[in-house]
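Counted from 1, the sequence shown has number 1069 at position 37 by the numbering used here; the numbering is strictly sequential. Backbone N, C-alpha and C define an ideal beta-carbon position, used for all residues, glycine too. Please read all numbers here as calculations on a predicted model, not as lab measurements. Single-structure report; data block below.
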Amino acid sequence: MINIALVGNPNSGKSSLFNALTGLQQKVGNFPGVTVDKKTGVSTISDHLTVSVIDLPGTYSLYPKRADEWVTYEVLMDPAARPDLVVLIADASNLKRNLLFCSQIIDLKIPLVIGLSMMDIARKKGIEIDIPGLERELGVPVIPINPRKEKGLDKLKKAIEQTAKHQYRAPSRDFIANRELAETSVSKLKTGIPGISDYTAIHYLINHAHIPLQPEQLREIESIRSHERFNATKVQADEIMQRYARIKQIMAGNVVETGPLQKALLTEHLDRILLHRRWGYIILLAVLFLLFQSIFWIAQYPMDAIEWSFAQLTGWLGSVLPTAWWSDLLLNGILAGLSGIMVFVPQIMILFGLITLLEDTGYMARISFLTDKLMRKVGMNGKSVMPLISGFACAVPAIMSTRNIENRKERLLTILVTPLMSCSARLPVYTILIALVIPQHYYFGFLSEQGLVMMALYLLGVVFALTVSYVFKWIIKIQERSFFILELPVYRAPRWKNMFITMWEKARVFLKDAGQVIMVVSLILWALSSFGPGRRMQAIKAQYAALEQKDTAHIADYERVKKSDLLAASWAGRLGKTIEPTIRPLGFDWKIGIALITSLAAREVFVGTMATLYSVGEDNTDDQLTLRQKMGQARMDNGAKVYTLATGVSLMIFYVFAMQCMSTLAVVKRETRSWKWPVFQLFYMTGLAYVMSFLAFHVFR
């Protein structure tokens, strides 16, 4: 099996070709030392050739500026990791720009096949390309393809097979006279490191610090640079000028373009509306509203089905399994943990499916363009808006999606404030608390007070996310200039196959990465809630065993009360009692304290914890009370009502600002490759939640 690298400019169709070649035979991981996605797959080229394909991040040239461009550069320049063959995807509608990168790959002397995409768009622009003539000029195969419609793939595979059969034959001639750029330096280096091309030698001299070479080779390069006074900037400038001069000649002889009065494309007409100074923002808000609502509308049905399935399975197992610690572990530890993981898979799949559709149509780039001005004022940029929007569904995939933000400071700021967006797991908490403390009052006959409070909670998170980012941009001392250079691709019809592949991959990554953390935390919380000081737990069990023997008619009641008392006496309960003095200024009692701890696994665990704590009404007279009614009747140790307006608002505010869950912290650690930032994030969000909750409690008291 040989290794093939897919390279090309951004938006050239490279990822579409990767999906067409590999289908579902893909794997997603990280490049060593960075947080850029690495997509690899297996493709059957012919009956005699199977290849391993790696989809490298898009780049415009071999002079990288972004983290993902450095990944592509290092793979192509690494003598040990260098691919056997490169397939370069060139956009026929922007051929001049694409030929720069193409010419550099040719001069690296790596076996090369060019896939010419966007031929339909080129024809609409009035561009005609002499493909045989282009092949003669470049000295490599040039195959017209349309990976979106899987056209030209057979010819491309045949070209790959033929190139492979010729023992990975590299282009025979240089695109430009590379040695003349620095003749003495290149000659000396090739003597010390034989077997490399002239152009490879130039890159060793320019970027040797980023290329994994032997120590003696690095010393040789430094010696040559110093002795010959090698001027990297001048060499690079001369190279680019010579390449574009040669590209101009090739374009003149093999490409025919119409004049500037050609008919405007559909893209130009749409951009006049979608990027309008007023209508553009109105349309953007409508698109984001539909995206946000669709995540809940569409995901609600599979989420309900998953919850129902786990509830049925848990109920059935509870009725057939004996009462034992291992059955309790299975039901309330393992199955509860799995349920907490699986229930979010539909939202994650739908979120990334819809985002893929926006990317495929070309509108995603327009969203970044329209929001860049606002985001830049608070320390981020236009590419930060989609992770923030994604945070309304789940912070885990939202933080993962910050990888396309090139500037380190702007990416870090986006990661730090994304959990302030109210995720869907907070929705059950908001719902039950609003129903508990906010009256069902309507303004003007149709504006619900409860609905307005719900909207205010979401807006509060957005406002503070922007505010915190503005503050942190002055605190975080990362000096890196930010350039928001964005290519606006043409509008296209979405590719449903590509969408489903993306949905599958994102779900798999979530289950593998975040799912493991959620499962471990769930098992730990089960242990803390199920066990406690031995003598105290045994005393409670003995007390209720005696009561059940005396009063057999109310055994079920005693069992429910016993569970509540055992929870209070467990390690989790003792922890709740321990932190009660700290949270009492916020209006919370020890039971709310337990819920705050257990909901670190996932915010919706709050409701389940409340259901356990308030399994019986305070007066023990009505078994048919709803959870909201039982919480409404809850009393503190001094007899005061627990859930007043002040306490309810305080608790909602706390959940707006507090860290979402442990899996979010785990993902932040994974993306920043340090515990420094998740710990900082946990402390600043907890402190902000405490202060704002304290203020809210005393304002509404």
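Check, Outcome
"Cβ contact check for the stretch 1263-1278 and the stretch 1129-1143: 3 or more pairs under 8 angstroms", "yes"
"Nearest candidate by alpha-carbon position, reference residue 1416, set 1041, 1426, 1148, 1442", "1442"
"Status (buried if at least 16 other CB within 10 Å, exposed otherwise) for residue 1510", "exposed"
"Supposed contact pair residue 1403 and residue 1414 - C-beta distance, whole angstroms, cut 8 angstroms", "5 angstroms"
"Residue 1424 and residue 1381 closer than 8 angstroms at C-beta", "no"
"Reduced DSSP category for residue 1676 - H, G, I as helix; E, B as strand; rest coil", "coil"
"Delimiting residues of the beta strand (DSSP E) encompassing residue 1123", "1117-1123"
"Residue 1600, buried or exposed, once every other Cβ within 10 Å from all chains shown has been counted against 16", "buried"
"Contact between the stretch 1692-1701 and the stretch 1479-1496 (3+ Cβ pairs under 8 angstroms)", "no"
"C-alpha distance - residue 1233 paired with residue 1387, whole-angstrom precision", "42 angstroms"
"Residue range of the alpha helix (DSSP H) that includes residue 1052", "1046-1054"
"Whole-angstrom distance between residue 1559 and residue 1610, CA atom to CA atom", "18 angstroms"
"Cα-Cα separation between residue 1544 and residue 1707, rounded to whole angstroms", "20 angstroms"
"Distance, residue 1701 Cα to residue 1489 Cα", "27 angstroms"
"Endpoints, alpha helix (DSSP H) assigned at residue 1737", "This structure does not reach residue 1737, given that the chain is present from 1033 up to 1733, and the question cannot be answered."
"As assigned by DSSP and simplified to three states, the class of residue 1450", "helix"
"Cα-Cα separation between residue 1103 and residue 1054, rounded to whole angstroms", "21 angstroms"
"Residue 1617 burial status per 10 Å Cβ neighbour count (16 or more: buried)", "exposed"
"Unbroken stretches of the beta strand (DSSP E), 3 residues or longer, contained in the stretch 1467-1498", "none"
"Residue interval of the beta strand (DSSP E) (run including residue 1270)", "Run containing residue 1270: none in the beta strand (DSSP E); it sits in the alpha helix (DSSP H), 1264-1286."
"Check whether residue 1116 and residue 1034 have beta carbons under 8 angstroms apart", "yes"
"Beta-carbon proximity check, residue 1740 vs residue 1167, cutoff 8 angstroms", "In this structure the chain extends from 1033 to 1733, so residue 1740 is not present and cannot be described."
"Rounded distance between the beta-carbons of residue 1143 and residue 1118, thought under 8 angstroms", "7 angstroms"
"Residue 1539, buried or exposed, once every other Cβ within 10 Å from all chains shown has been counted against 16", "buried"
"Residue 1336 (DSSP reduced to helix, strand or coil)", "helix"
"Extent of the continuous beta strand (DSSP E) to which residue 1146 belongs", "1144-1149"
"Local Cβ density within 10 Å of residue 1491, reported as buried at 16 or more and exposed below that", "exposed"
"Close Cβ partners of residue 1282 (< 6 angstroms) along its chain, the five nearest in sequence each way excluded", "1169"
"Burial state of residue 1472, where buried means 16 or more other Cβ atoms lie within 10 Å", "exposed"
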